[in-house]
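*Asks:*
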Amino acid sequence: MKLNKYFVIDFDSTFTKVEAFDVLADISLQDHPEREERKKKIIEITNQGMDGSISFRESLEKRLNLLAPSQHHLPALITKLKGSVSESFKRNKEFFQQYSDNIYIISNGFREFIEPIVTEFGIKAENILANEFRFDTEGKVVGFDTENPLSANGGKVEQLKKLNLPGDIYVIGDGYTDYEIKHAGLANKFFAFTENVERENVKSKADHITPSLDEFLYLNKLNTAISYPKNRINVLLLENVHPVAVELLRAEGFNVETYHAAMTEEELIQKIKNVSVLGIRSKTQVTAKVLEHANRLMVIGAFCIGTNQIDLKEATKKGIAVFNAPFSNTRSVVELAVAEMIILMRNIVDKSNKMHKGVWDKSAKGSFEVRGKKLGLIGYGNIGTQLSVIAESLGMKVLYYDTEEKLSLGNAVKCKTMTEVLEQADVISLHVDGRKANANLIGPKEFSLMKKGVIFINLSRGHVVDIQALRENILSGKVAGCAIDVFPYEPVSNDEEFMSELRGLPNTILSPHIGGSTLEAQENIGNFVPGKMMDYINTGSTSNSVNFPNLTLPILKDAHRLIHIHNNVPGILAKINQLLADHGINIVGQYLKTNESVGYVITDINKQYDKDVIAKLRAIENTIKFRVLY
Numbered sequence: 110m111k112l113n114k115y116f117v118i119d120f121d122s123t124f125t126k127v128e129a130f131d132v133l134a135d136i137s138l139q140d141h142p143e144r145e146e147r148k149k150k151i152i153e154i155t156n157q158g159m160d161g162s163i164s165f166r167e168s169l170e171k172r173l174n175l176l177a178p179s180q181h182h183l184p185a186l187i188t189k190l191k192g193s194v195s196e197s198f199k200r201n202k203e204f205f206q207q208y209s210d211n212i213y214i215i216s217n218g219f220r221e222f223i224e225p226i227v228t229e230f231g232i233k234a235e236n237i238l239a240n241e242f243r244f245d246t247e248g249k250v251v252g253f254d255t256e257n258p259l260s261a262n263g264g265k266v267e268q269l270k271k272l273n274l275p276g277d278i279y280v281i282g283d284g285y286t287d288y289e290i291k292h293a294g295l296a297n298k299f300f301a302f303t304e305n306v307e308r309e310n311v312k313s314k315a316d317h318i319t320p321s322l323d324e325f326l327y328l329n330k331l332n333t334a335i336s337y338p339k340n341r342i343n344v345l346l347l348e349n350v351h352p353v354a355v356e357l358l359r360a361e362g363f364n365v366e367t368y369h370a371a372m373t374e375e376e377l378i379q380k381i382k383n384v385s386v387l388g389i390r391s392k393t394q395v396t397a398k399v400l401e402h403a404n405r406l407m408v409i410g411a412f413c414i415g416t417n418q419i420d421l422k423e424a425t426k427k428g429i430a431v432f433n434a435p436f437s438n439t440r441s442v443v444e445l446a447v448a449e450m451i452i453l454m455r456n457i458v459d460k461s462n463k464m465h466k467g468v469w470d471k472s473a474k475g476s477f478e479v480r481g482k483k484l485g486l487i488g489y490g491n492i493g494t495q496l497s498v499i500a501e502s503l504g505m506k507v508l509y510y511d512t513e514e515k516l517s518l519g520n521a522v523k524c525k526t527m528t529e530v531l532e533q534a535d536v537i538s539l540h541v542d543g544r545k546a547n548a549n550l551i552g553p554k555e556f557s558l559m560k561k562g563v564i565f566i567n568l569s570r571g572h573v574v575d576i577q578a579l580r581e582n583i584l585s586g587k588v589a590g591c592a593i594d595v596f597p598y599e600p601v602s603n604d605e606e607f608m609s610e611l612r613g614l615p616n617t618i619l620s621p622h623i624g625g626s627t628l629e630a631q632e633n634i635g636n637f638v639p640g641k642m643m644d645y646i647n648t649g650s651t652s653n654s655v656n657f658p659n660l661t662l663p664i665l666k667d668a669h670r671l672i673h674i675h676n677n678v679p680g681i682l683a684k685i686n687q688l689l690a691d692h693g694i695n696i697v698g699q700y701l702k703t704n705e706s707v708g709y710v711i712t713d714i715n716k717q718y719d720k721d722v723i724a725k726l727r728a729i730e731n732t733i734k735f736r737v738l739y
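Take any residue in the sequence shown, count from 1 to its spot, add 109: that is its number in this note's numbering.
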């Protein structure tokens with residue numbers, strides 16, 4: 110494609126996430142007795158050469174002496190570098206193919222490992238300017254081509270002078286040597302690439318700091334794989350979500366900010382204004398007032414099962430999709446319920462407390478096996494069903510009640526009313542959702558129906574149990590033991606004191622809402638929820654959304670995807686299609702789904718379209734949100 114612009118791109122820490130010599134050190138020094146010391150020294154020398162504090166040739170010679178590489182190390186190095194290409198470069202492979210005549214890789218690295226990487230992206234071999242190794246007869250690296258300008262200071266400047274490119278030149282790189290091209294007057298602009306590494310002295314010299322290739326392409330109105338630079342999508346993750354979630358979202362190119370605790374309503378109102386993606390756990394309350402200030406918010410991820418902390422009705426009205434993790438911590442909650450059930454039946458809590466005070470109370474009084482006992486489950490969803498199966502394997506008889514029709518697993522017996530369960534069960538475990546109708550689901554009346562000596566467990570929601578009634582029944586002996594993991598009010602951080610009427614009661618286990626807080630569960634959630642949010646942003650897929658019509662979309666090829674969210678009123682689809690027809694736009698594919706409040710239309714159209722149609726689609730009456738992908 111004819112273009113009067115040329116793009117000069119660095120290799121190490123720009124085209125790839127890593128410095129090739131650092132990776133080579135892992136390979137060539139694998140069995141060396143001074144491996145760690147040499148690796149640290151190589152990194153130090155690399156940075157000195159990049160920031161200009163020592164000459165590049167000196168840096169190169171010192172590093173090669175420390176590395177002592179051989180030709181047989183190169184295949185492993187190339188393999189690792191192919192797996193370390195920068196995420197935004199991988200996303201925009203089409204850019205390299207489309208403008209291959211105008212893209213040059215100019216690097217102080219070595220052609221032997223650069224060429225196999227960049228040519229896979231369509232970059233021409235003749236447009237790669239780099240150093241070359243010199244090998245001895247045994248294949249050991251004994252030096253480099255000292256006649257090559259790139260082996261010395263100012264090498265990139267000299268190479269660019271020789272090229273004498275007939276147009277505007279834009280340089281993308283992370284190092285001082287990249288800035289030198291602009292300083293020498295050979296480039297129109299220098300873009301400091303910070304996706305992988307940030308060097309303050311390089312950033313200070315840049316015309317523009319570009320956290321990803323998406324940003325560079327967007328600013329220069331070039332072909333990009335997305336309709337907006339992903340680094341402009343601000344993500345706010347609260348309550349110490351698992352680090353894997355942070356890594357995934359940053360790898361996608363998003364700008365991610367984390368906070369260790371929940372935020373108050375006022376704090377969140379201040380923070381939410383420029384946030385596109387919000388990730389929370391159970392303590393953060395996303396109220397209508399918060400959402401009123403969330404003008405850029407596209408999606409909320411609840412890194413837990415429950416979503417009652419989010420005003421789903423208001424989120425839907427504002428066209429904000431909400432996702433949760435309905436399965437990821439199920440096993441962890443079930444295991445805690447089983448453990449607590451056994452501990453309470455054996456009266457271990459009181460015996461342990463006495464032991465800590467020096468009291469030896471060896472007695473079987475009040476201690477029972479769970480085998481043969483009846484477990485009553487209130488709620489037979491993902492957690493209830495799995496707990497049912499495990500309890501049966503322990504020899505328990507399972508009864509359950511759920512407001513919805515659920516298939517019994519194993520020998521579990523469905524009860525027609527909750528009263529049937531409460532009257533028969535030796536152990537009662539709650540696994541209901543957080544809907545308002547479940548407030549004080551278990552109160553004085555329900556406790557009165559239970560057997561004397563019942564074991565009571567609540568790992569579901571804090572507001573479903575009348576805490577005062579529970580306290581009275583523990584003190585009276587009606588409830589022989591209880592385990593509570595959730596509370597009507599919970600501290601917003603670990604620094605706040607936990608206050609409850611249940612503190613200090615006999616045979617009572619209190620835990621700080623940790624039913625799903627295992628490393629396995631949190632890692633599962635950390636993978637699952639970001640995946641759903643990224644699918645929604647990148648493709649429009651709403652699979653598993655708790656408030657949007659669920660659509661799983663095919664991969665889009667050679668088309669634009671239009672996403673239209675609107676109030677569920679008649680005639681919207683007809684208006685969309687009429688507008689497209691009036692502008693001669695061909696529909697490649699179309700998907701529509703509605704729920705009681707919103708309609709969700711995905712329309713894939715061919716590449717050629719009149720951009721005025723976008724404004725008209727946004728202007729359709731009852732439109733909530735509209736965006737274009739690709």
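All C-beta atoms, glycine included, are put in the ideal place defined by N, C-alpha and C.
Taking DSSP as the reference, what is the three-state secondary structure of residue 246?
*Replies:* Three-state result, residue 246: coil.
*Asks:* Below 8 Å on the Cβ atoms is my contact criterion, and I expect residue 492 with residue 510 to pass it. Report the Cβ-Cβ distance as a whole number of Å.
*Replies:* Rounded to whole angstroms, the Cβ separation of residue 492 and residue 510 is 14 Å, and the two are not in contact under 8 Å.
*Asks:* Could you tell me which uninterrupted alpha helix (DSSP H) segments, each at least 4 residues in length, are contained entirely in the segment 272-356, listed from first to last along the chain?
*Replies:* 285-292, 309-312, 322-328
*Asks:* Based on Cα-Cα distance, which residue from 222, 471, 353 lies nearest to residue 367?
*Replies:* 353
*Asks:* May I ask which residues mark the beginning and end of the alpha helix (DSSP H) holding residue 509?
*Replies:* Following the DSSP letters along the chain, one finds residue 509 in no alpha helix (DSSP H) but inside the beta strand (DSSP E) bounded by residues 506-510.
*Asks:* Once you ignore the five residues that flank residue 425 on each side, which residues in its own chain have a CB closer than 6 Å to its CB?
*Replies:* 656, 706, 707
*Asks:* Measuring alpha carbon to alpha carbon, tell me which residue in 177, 703, 477, 566 is nearest residue 247.
*Replies:* 177
*Asks:* Tell me whether residue 660 sits in a helix, a strand or coil according to DSSP, three-state version.
*Replies:* Three-state result, residue 660: coil.
*Asks:* Taking residue 640 as part of the beta strand (DSSP E), name the residues at either end of that continuous run.
*Replies:* Note, residue 640: premise wrong, no beta strand (DSSP E); alpha helix (DSSP H) at 628-648.
*Asks:* Once you ignore the five residues that flank residue 232 on each side, which residues in its own chain have a CB closer than 7 Å to its CB?
*Replies:* 205, 209, 212, 214
*Asks:* In whole angstroms, what is the alpha-carbon distance linking residue 598 and residue 569?
*Replies:* 14 Å
*Asks:* Taking residue 386 and residue 408 to be in contact with their CB atoms under 8 Å, please state how far apart those CB atoms are, rounded to whole angstroms.
*Replies:* 5 Å
*Asks:* Relative to the C-alpha of residue 302, which residue among 312, 294, 186, 293 is closest?
*Replies:* 312
*Asks:* What number of angstroms, rounded off, separates the C-alpha of residue 420 from the C-alpha of residue 397?
*Replies:* 6 Å
*Asks:* May I have a chain-ordered list of the beta strand (DSSP E) segments no shorter than 3 residues that lie completely inside the segment 197-223?
*Replies:* 212-219
*Asks:* I'd like to check one pair, residue 269 with residue 240: are the Cβ atoms closer than 7 Å?
*Replies:* no
*Asks:* Where residue 471 and residue 443 are concerned, what is the direct C-alpha to C-alpha distance, given to the nearest angstrom?
*Replies:* Straight-line Cα distance between these residues: approximately 30 Å.
*Asks:* Cutting at 7 Å between CB atoms, please list the residues of its own chain near residue 380, excluding the five before and the five after it.
*Replies:* Within the same chain, residue 380 has close Cβ partners 345, 372.
*Asks:* Please determine, among 538, 629, 654, 174, the residue with the shortest C-alpha to C-alpha distance to residue 83.
*Replies:* As shown, the chain starts at 110 and ends at 739. That puts residue 83 outside it, with no answer to give.
*Asks:* Report the three-state DSSP secondary structure of residue 364 (helix, strand or coil).
*Replies:* strand
*Asks:* Kindly indicate which three-state DSSP category residue 540 falls into: helix, strand or coil?
*Replies:* In the displayed model, residue 540 falls within coil according to three-state DSSP, outside both helix and strand.
*Asks:* Please check the pair residue 485 and residue 537, which I expect to be a contact at CB under 8 Å, by giving their CB distance rounded to whole angstroms.
*Replies:* 5 Å
*Asks:* Tell me the rounded alpha-carbon separation between residue 670 and residue 676.
*Replies:* Distance between residue 670 and residue 676, taken at the CA atoms: about 20 Å.
*Asks:* Classify residue 550: buried if its beta carbon has 16 or more other beta carbons within 10 angstroms, exposed otherwise.
*Replies:* buried
*Asks:* Name the DSSP bridge partner or partners of residue 253?
*Replies:* 242
*Asks:* Helix, strand or coil for residue 669? Go by DSSP, reduced to three states.
*Replies:* strand
*Asks:* Report the residue ranges of all beta strand (DSSP E) runs contained in full by the segment 431-515; include only those spanning at least 3 residues, in chain order.
*Replies:* Correct list: 483-487, 506-510.
*Asks:* With distances taken between CB atoms, is the gap from residue 704 to residue 658 smaller than 7 Å?
*Replies:* yes
*Asks:* Tell me the DSSP secondary structure of residue 163 in three-state form.
*Replies:* coil
*Asks:* At the level of alpha carbons, what is the spacing between residue 218 and residue 226?
*Replies:* 13 Å
*Asks:* Provide the residue(s) that pair with residue 654 in DSSP beta bridges, ordered along the chain.
*Replies:* 432
*Asks:* Since I believe residue 729 is in contact with residue 689 (beta carbons under 8 Å), could you give me their beta-carbon distance rounded to a whole number of angstroms?
*Replies:* About 12 Å; that fails the 8 Å criterion.
*Asks:* Nearest to residue 297 by alpha carbon, out of 567, 674, 117?
*Replies:* If you compare the alpha carbons of 567, 674, 117 with that of residue 297, the shortest gap goes to 117.
*Asks:* Three or more C-beta pairs closer than 8 Å, one from the segment 603-621 and one from the segment 629-645: is that the case here?
*Replies:* The segment 603-621 vs the segment 629-645: no contact.
*Asks:* Using DSSP with H/G/I as helix, E/B as strand and the rest coil, what is residue 530?
*Replies:* helix
*Asks:* So, for residue 251: in the same chain, excluding its five sequence neighbours on each side, which residues have a beta-carbon less than 8 Å away from its beta-carbon?
*Replies:* 243, 244, 245
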